[in-house]
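See below for the structure under consideration.
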Amino acid sequence: MKRIHWLAAGDPPDFPDVSEALEDPAGLLAGGGDLSPERLIEAYRRGIFPWYSPGQPVLWWSPDPREVLFPEEFHISRSLQRQLRSHPFRVTENLAFAQVVSACAQPRDEIAGTWITPEMQLAYCELRQLGVAHSIEIWSGDVLVGGLYGVRTGAVFCGESMFSRQSNASKAAMAWLAGVAPQRGISLIDCQMPSAHLRSLGSRPIPRAQFLEWLQPPIRRV
């Protein structure tokens, strides 16, 4: 019988093999440890990500199948196409990383609370300083109205979260990422878990073993 593996803060940044992840809850691999840059980098390199609620220990996941979006399969709706033509947003990259993460952490109408704790925000800002984490910002004039952030590893952009304060702003961030992916050497956008919103953009599940093949070479720092 599979069981959750417990990690201690300060232990070497290592994880059990992802094949040990539980089926219920699907993909739960380990608990505990910390959010040090070394542990987070090792996690993403191995197809593992942290996801937990305030008050819980850090929980580490590697679901099978894995929800992904191939950039060439991104679906841009007619309404988004019209909006981008008539009232184009201004797009920047890594200009306001901390602001994007903070905005993603704000409670949403359909979700009580947030999993992006202050500890989590600090950890990803440290990854940004190392050139591992990246953000895309969507602006209306000088106002930040949407964006997303994630971690780049090999040919994979591991998306963590997105937000929108104006209609279609987060979709515009995804559209921009999908559009620049080929010249950036990004072949796959990791969506982690399925949702109706992501499926509407073109995401689909693939076997975890196939997803792991995309994670080589190791994480890029740019």
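Counting in this note's numbering, the sequence shown runs from 29 upward without gaps. We treat Cβ as the ideally placed atom computed from N, Cα and C, and that holds for glycine. All of these numbers come straight from a predicted model, not from anything done at the bench.
8 Å Cβ cutoff met for residue i and residue j
i, j, result
"G182", "H162", "no"
"G230", "L97", "yes"
"V129", "Q157", "no"
"L190", "E95", "For clarity, residue 190 is Met in the given sequence; the question names Leu instead. Result no, Cβ atoms of M190 and E95 do not sit closer than 8 Å."
Simplified DSSP state of residue i, which is helix, strand or coil
i, result
"A140", "Any reading at A140 needs caution, since the residue's pLDDT is 48, under 50, leaving its predicted position unreliable; the model's value is listed next. A140 falls in the coil class under three-state DSSP."
"A36", "coil"
"I69", "helix"
"W204", "helix"
"P85", "coil"
Whole-number beta carbon distance between residue j and residue i, since they are thought to touch under 8 Å
i, j, result
"A36", "G61", "7 Å"
"C186", "Y72", "6 Å"
"D45", "E70", "Their Cβ separation, rounded to whole angstroms, is 13 Å, which puts D45 and E70 out of contact at 8 Å."
"P233", "P93", "4 Å"
"R193", "G174", "6 Å"
Straight-line gap, residue i to residue j (C-alpha atoms, nearest Å)
i, j, result
"L63", "D218", "20 Å"
"P91", "R31", "15 Å"
"A201", "S168", "13 Å"
"L57", "P235", "16 Å"
"F117", "L176", "14 Å"
"A140", "Q134", "The predicted model places A140 with a pLDDT of 48, which falls under 50 and marks its position as unreliable; any figure quoted below should be read in that light. When rounded, the distance between both Cα atoms is 10 Å."
"I164", "F125", "8 Å"
"L108", "V184", "25 Å"
The alpha helix (DSSP H) enclosing residue i, as first and last residue numbers
i, result
"M148", "146 to 157"
"P93", "Element bounds for P93: n/a, residue is neither H nor E."
"L229", "224 to 229"
Start-to-end residues for the beta strand (DSSP E) that takes in residue i
i, result
"I104", "I104 -> no beta strand (DSSP E), and no H or E assigned at all."
"S168", "161 to 168"
"M190", "184 to 192"
"R232", "232 to 234"
"Q220", "216 to 220"
"V179", "171 to 181"
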